[in-house]
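Let me begin by presenting the structure, written as structure tokens, before commenting on it.
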Amino acid sequence: MTRAAGLRHRAFALLVAACLAVLAGPLAAHDFRLGPLRIDHPYATPTPAGAVNGAAYLRSIRNTGDAPDRLIGASTPVARTVEIHRSVVDASQVMRMRAIEGIDLPPKVELQLRHGGEVHLMLIDLKRQLTEGDRFPLTLRFQKAGEREVTVWVQKPRGSASHPGAAEHKH
Ligand SMILES: [Cu+2]
């Protein structure tokens with residue numbers, strides 16, 4: 001085999017491997033782009049019947065650009081309002097959530113906004129129950145990049161409890 005043919009062969013093998021990896025993925029994923037921002041797999045955990053609030057997450061958000069941006073808000077037709085929350089452990093070791101004004105997205109940095117993490121999007125006053133398999137739109141608002149509607153998949157995350165404190169969340 002010539003060197004060029006060998007390289008082509010190798011490239012093809014990698015392509016096949018990549019395709020197989022996608023097909024074999026345990027969970028399908030979805031992602032969105034807005035300018036330099038890459039928003040990977042928005043999801044929400046199912047809510048119990050009658051729950052007032054829910055929580056939405058992003059598997060990751062990456063700023064591939066050279067300038068900082070900031071996530072400053074969100075809205076969805078399934079809730080009256082959306083707040084960006086940070087979980088903090090207070091002096092008596094109780095986990096509490098408080099609303100924050102935004103999330104900084106420094107250039108070339110990938111952040112995770114996953115369940116069990118520090119930051120989440122709180123869906124306040126749900127208009128309907130979120131059940132597994134559901135999808136709903138969520139509009140994310142960024143300081144520089146503007147707005148992007150993404151689709152949120154409602155799914156039970158593997159091996160996790162539900163949103164800590166969601167049930168007793170008060171405003
Ligand atoms: Cu919260």
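Numbering (the numbering used here), first residue to last: 1 to 171. Ideal Cβ placement from N, Cα and C applies to all residues, glycine included.
Exposed unless 16 or more other CB atoms sit within 10 angstroms - verdict on residue i
i: V152; result: buried
i: E147; result: exposed
i: A24; result: For A24, the predicted structure reports a pLDDT of 42, less than 50, and the residue's modelled location is therefore unreliable. The matter cannot be settled from this model.
i: D66; result: exposed
i: A21; result: Confidence in A21 is poor, its pLDDT being 46 and thus under 50, which makes the residue's placement unreliable; the coordinate value appears in the next sentence. Exposed is the call here.
i: T47; result: buried
i: A91; result: exposed
i: A28; result: exposed
i: M122; result: buried
i: I84; result: buried
i: Q93; result: exposed
i: M95; result: exposed
Candidates the options: closest to residue i by CA position
i: F136; options: V119, D66, P42 and Q143; result: P42
i: L126; options: D134, G50 and R38; result: G50
i: H30; options: V52, L58, N53 and H115; result: L58
i: S75; options: Q129, E149, T45 and T64; result: E149
i: Q155; options: T131, L71 and K144; result: T131
i: S194; options: G117, R141 and A91; result: With the chain covering only 1 through 171, there is no way to say anything about residue 194.
i: V82; options: A28, F142 and A55; result: A55
i: Q129; options: I39, R38, V52 and D40; result: V52
i: A44; options: G133, K108, L111 and R141; result: G133
i: D40; options: L121, L113 and K144; result: L113
i: D69; options: A79, P107 and R96; result: P107
i: P77; options: L71, R96, F142 and L138; result: L138
i: T64; options: M95, G73, E110 and R80; result: E110
i: V119; options: A145, K144 and R86; result: R86
i: L140; options: P157, R62 and L71; result: L71
i: I124; options: R62, R80 and R38; result: R80
i: P157; options: H115, F142, Q143 and A145; result: H115
Integer Cβ distance of residue i from residue j, believed to fall under 8 Å
i: R98; j: V88; result: 6 Å
Pocket of ligand 1 (residues with CB nearer than 5 Å to any heavy atom), chain order: Result (chain order): H85, M97 and M122.
Three-pair Cβ contact test at 8 Å for the stretch 29–41 versus the stretch 84–103: Verdict: no, contact absent.
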